[in-house]
Each structure stands twice: as structure tokens, then as C-alpha cells.
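Report on the following structure.
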């Protein structure tokens, strides 16, 4: 009798109780609603927070859906050994319900291989078909 090899399973998504985005809310009531498609981001900052949370819970599909089609990669592969540990919003420009573009500067904290690290970025967002989407990162010159 031969044994069939099972296809490798994708990493299991975790559903935290508290939202990883840093706001004092339950995940299901905060970024979880956006991830499930039950709500849309009202501001660029809200989209940024929801994308950070998508990294934290392993929601690759949401990351792709919330990425501008002109700059979206064909796929997103999350590092399984990275644990996202905190988000700091450092500043925003525009990005409200009255704008079509905006930026969010943030610092994202993580742990990888037992070592702490951080990523600092100033992200650009724009509206596409009425929804806020991630466009790209500004580079300092």
C-alpha cells in the first residue's frame, strides 16, 4: 500500500483578541472587519493600520487587495519566523475622507530569530475605485 504525500499546508492564520494595530479595540471589531470585507478604510491611516495587522495575522490576500494595482506584486509571501510586536504612527499628511492621496509615516516593531527589530517607512496611499490603497514607500533623498 503506497502512502500519499500531503501537500504542505499554508501557515495557520492567528486571530488575536486585541487588535495588533495598536488601537484599544478587539481585532474582530477593528482591523478584522476590514480584513473580512465588512468595512472599508475611511482614511489612509486606517488602511495603514489594517495592513500592519494583516502582516501580524498572516493575511496575504488582504495585503494584495489593499495594494494599488499599478504597484502590486504578483504575490506576497510572509516570513513565518517574523512576529510583529507593535506599531507607532509618527505622522500623516492628508489621507482623510476629503483627500485622494495621503502619506503615513510609521515605525513597525518585530521580533525575528529572538532579536528585536524595527522598520521605519513613510508610505504613500491613494484612492483607487473609491477605496484607499497602498501605493508605495517614499524614499528620502
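Numbering (the numbering used here), first residue to last: 124 to 264.
Virtual Cβ for every residue (Gly too), placed ideally from N, Cα, C.
Beta carbon of residue i nearer than 8 Å to that of residue j
{"i": "residue 236", "j": "residue 204", "result": "yes"}
{"i": "residue 167", "j": "residue 255", "result": "yes"}
{"i": "residue 171", "j": "residue 221", "result": "no"}
{"i": "residue 261", "j": "residue 194", "result": "no"}
{"i": "residue 249", "j": "residue 223", "result": "yes"}
{"i": "residue 147", "j": "residue 180", "result": "no"}
{"i": "residue 251", "j": "residue 191", "result": "yes"}
Whole-angstrom distance between residue j and residue i, CA atom to CA atom
{"i": "residue 239", "j": "residue 227", "result": "23 Å"}
{"i": "residue 185", "j": "residue 150", "result": "15 Å"}
{"i": "residue 211", "j": "residue 156", "result": "21 Å"}
{"i": "residue 218", "j": "residue 169", "result": "9 Å"}
{"i": "residue 253", "j": "residue 160", "result": "14 Å"}
Close Cβ partners of residue i (< 6 Å) along its chain, the five nearest in sequence each way excluded
{"i": "residue 154", "result": "142, 144, 173 and 176"}
{"i": "residue 178", "result": "207"}
{"i": "residue 124", "result": "Because residue 124 sits at a pLDDT of 43, beneath the cut-off of 50, its placement in the model cannot be relied upon, and the following sentence gives the value as read from the coordinates. The answer is none, since no qualifying residue turns up."}
{"i": "residue 214", "result": "228"}
{"i": "residue 197", "result": "none"}
Residue from the options with nearest C-alpha to residue i
{"i": "residue 233", "options": "225, 206, 212 and 214", "result": "206"}
{"i": "residue 202", "options": "183, 215 and 188", "result": "183"}
{"i": "residue 243", "options": "159, 196, 231 and 157", "result": "231"}
Close beta carbons around residue i, own chain, < 7 Å, minus the five adjacent residues each side
{"i": "residue 199", "result": "183, 186 and 187"}
{"i": "residue 165", "result": "220"}
Heavy atom of the ligand ZN within 7 Å of residue i beta-carbon
{"i": "residue 219", "result": "Summarising the ligand content, the structure contains no ligands, and the ligand ZN is consequently not present."}
Continuous alpha helix (DSSP H) assignments of at least 4 residues falling wholly in the region 193 to 249:
none
What residue ranges within the region 140 to 177 form continuous beta strand (DSSP E) runs of no fewer than 3 residues, ordered along the chain?
none
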